Amino acid sequence: MLWFENGSFLCWFGAAFFFEEHDYCFMISDMDESNKYFLECAVHGESEAKILETVTFLWSLQQLWKKIARILDANPSRRIFFNQGLWSPEQAVVLASRPNTTDLYIIDGYFETVAFAFKDDGTAFVNELEKRKSSFGTLCIDVDEDKFPFSRASFQTSV
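In our numbering, the protein residues as written are 85 to 243.
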């Protein structure tokens, strides 16, 4: 575990799942079937602002949206797994608008009360997907029905 001055902390795999509230869990792996994960961790803190400050620091960019875009652009051949966290519409647009194909997996969290979600029920993500000229890649949603990150209305607009 690493503690940061703002009171947040970073956990790697085993320790990452002891804390249910106020966290962002993420995993980035190679796209081949080797399952050699190069990053699997969670950032925890008292507030979303502190967590995002730490994640931004860790991913070495000053602004969250630029950070996300840079990671996706620098790693176009990676699988990205989300199992916890609450993404804003701005973050969702960055995720859906990358020029390269993306393999995105939204999976069940390790705790029943925590899941990955969009603040706007996925509306911005789906709207941005509809604007794409190229294929998004893979979008795999493997969650319990009560943790589905899209509202019925936003998800049906893409069908």
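Heads up, the beta-carbon is just placed ideally off N, CA and C, and yes, glycines get one too.
If you're wondering where the values come from, they're calculated on a predicted model, not measured in any experiment.
Inset, instruction - Drop a sphere of 10 angstroms on the beta-carbon of Pro183, count the other beta-carbons inside from all chains shown, and report buried for 16 or more, exposed for fewer. - result: exposed
Inset, instruction - Answer with buried or exposed for Ser92, where buried requires no fewer than 16 other C-beta atoms within 10 angstroms of its C-beta. - result: buried
Inset, instruction - For the alpha helix (DSSP H) holding Ala180, just list the boundary residues, first then last. - result: 173-180
Legend entry - Unbroken beta strand (DSSP E) run spanning Phe200, endpoints: 200-202
Inset, instruction - Check Leu145 in the structure and name its three-state DSSP category. - result: Unreliable positioning characterises Leu145 in this predicted model, as indicated by a pLDDT of 40, which lies under 50. A coordinate reading is not provided.
Legend entry - Coil, strand or helix - Lys120 by DSSP: Low local confidence applies: a pLDDT of 48 at Lys120 is under 50, so the model's placement there is unreliable, with the coordinate-based value given in what follows. If DSSP states are grouped into helix, strand and coil, Lys120 belongs with coil.
Legend entry - Alpha carbon of Asn90 to alpha carbon of Thr140, nearest angstrom: 13 Å
Inset, instruction - Indicate whether Ile191 and Asp226 have their beta-carbon atoms separated by less than 8 Å. - result: yes
Inset, instruction - Along the beta strand (DSSP E) that carries Thr222, what are the first and last residues, could you check? - result: 221-226
Inset, instruction - Report the three-state DSSP secondary structure of Thr185 (helix, strand or coil). - result: coil
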